[in-house]
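Q:
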């Protein structure tokens with residue numbers, strides 16, 4: 097056996113490695129980027145929550161980035177109409193989130209997410225929603241969805257109330273209410289008048305989990321590269337030969 101590194105080219109294994117290895121590495125870096133995004137989001141949420149609630153009537157017209165997770169206060173009264181956001185899970189149980197119409201003191205409307213209620217998984221019956229008090233003052237934070245919701249089909253709002261919806265599409269809701277509604281829903285704080293089961297998740301996957309996923313992808317890439325190296329070269333024989341040579345000299 098020669099003491100040189102030799103390469104045994106096998107095109108199927110080489111092609112497989114060339115296709116899969118960059119994919120695994122890119123997935124690792126993607127998860128690292130996601131970890132940084134989630135960490136920044138958590139920091140931004142914590143910073144905004146440290147500020148006192150701003151009256152909702154005083155912040156209309158600000159950008160979505162400025163409004164996201166901004167603490168707000170609302171004064172007015174709950175209306176009887178509400179939406180049921182379908183297929184919301186809490187502690188492994190199926191339910192709905194209740195988004196109630198809230199009439200502000202200036203006559204404008206806001207959509208207040210009161211929280212979660214258990215519901216019939218078969219959707220044959222509407223959930224029992226405890227009534228909210230009338231004239232109240234409450235606090236919460238503005239919720240700006242991170243992206244456009246994915247829907248299997250474009251569904252029109254049903255007639256009558258309550259209306260079951262698959263996603264909070266504010267353009268449809270605003271059109272159904274003649275446009276007189278704050279452009280983003282407000283998630284109510286726990287313990288506020290009308291609050292149901294409230295457990296808002298700022299981030300669904302922690303930065304630490306994204307980092308862990310990145311380590312897994314990078315590890316798989318390293319293992320793939322090592323397997324390819326051992327399969328396609330004589331490096332293992334060279335290493336064993338050097339070890340034996342070292343043992344013979346002892």
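Residue numbers (this note's numbering): 97 to 346. Beta carbons: idealized from backbone N, C-alpha and C, even for Gly.
Quick one: is residue 257 buried, meaning 16 or more other Cβ sit within 10 Å of its Cβ, or exposed?
A: exposed
Q: Between which two residues does the beta strand (DSSP E) harbouring residue 225 extend?
A: Careful: residue 225 lies outside any beta strand (DSSP E) and carries neither H nor E.
Q: Taking the runs of the beta strand (DSSP E) that are 3 residues or longer, which of them lie wholly in the segment 237–299?
A: 259–261 and 282–284
Q: With three or more beta-carbon pairs closer than 8 Å as the criterion, would you say the segment 160–179 touches the segment 195–209?
A: yes
Q: How many Å lie between residue 110 and residue 118 at the Cα?
A: Going from the Cα of residue 110 to the Cα of residue 118 covers about 13 Å.
Q: In this structure, how does DSSP classify residue 102 when only helix, strand and coil are distinguished?
A: coil
Q: By the 10 Å Cβ neighbour count, where 16 or more other Cβ atoms means buried, how is residue 304 classified, buried or exposed?
A: exposed
Q: Buried or exposed: which applies to residue 212, given that a residue is buried once 16 or more other Cβ atoms fall within 10 Å of its Cβ?
A: buried
Q: Where does residue 302 sit, in a helix, a strand or coil, going by DSSP?
A: coil
Q: Considering only residues of the segment 134–221, which uninterrupted beta strand (DSSP E) runs meet the minimum length of 3 residues and lie entirely inside it, listed in chain order?
A: 167–186, 189–200 and 205–214
Q: Do you know whose CA, among 316, 330 and 237, lies nearest residue 160's CA?
A: 237
Q: Please state if the CB of residue 282 and the CB of residue 181 are separated by a distance shorter than 8 Å.
A: Result no, Cβ atoms of residue 181 and residue 282 do not sit closer than 8 Å.
Q: Who are the near neighbours of residue 331 in its chain, counting only those whose CB is closer than 8 Å to its CB and skipping five residues on each side?
A: 101 and 325
Q: Measure the beta-carbon distance from residue 206 to residue 170 and round it to whole angstroms, keeping in mind my assumption that it falls under 8 Å.
A: 6 Å
Q: Compare the C-alpha of residue 226 against each of 296, 289 and 162 and name the closest.
A: For the residues 296, 289 and 162, the minimum Cα distance to residue 226 belongs to 289.
Q: Name the residue from 302, 202 and 327 whose alpha carbon lies nearest to the alpha carbon of residue 156.
A: 202
Q: If you check the beta carbons only, do residue 294 and residue 141 fall under 8 Å apart?
A: No, these two residues do not count as a Cβ contact at 8 Å.
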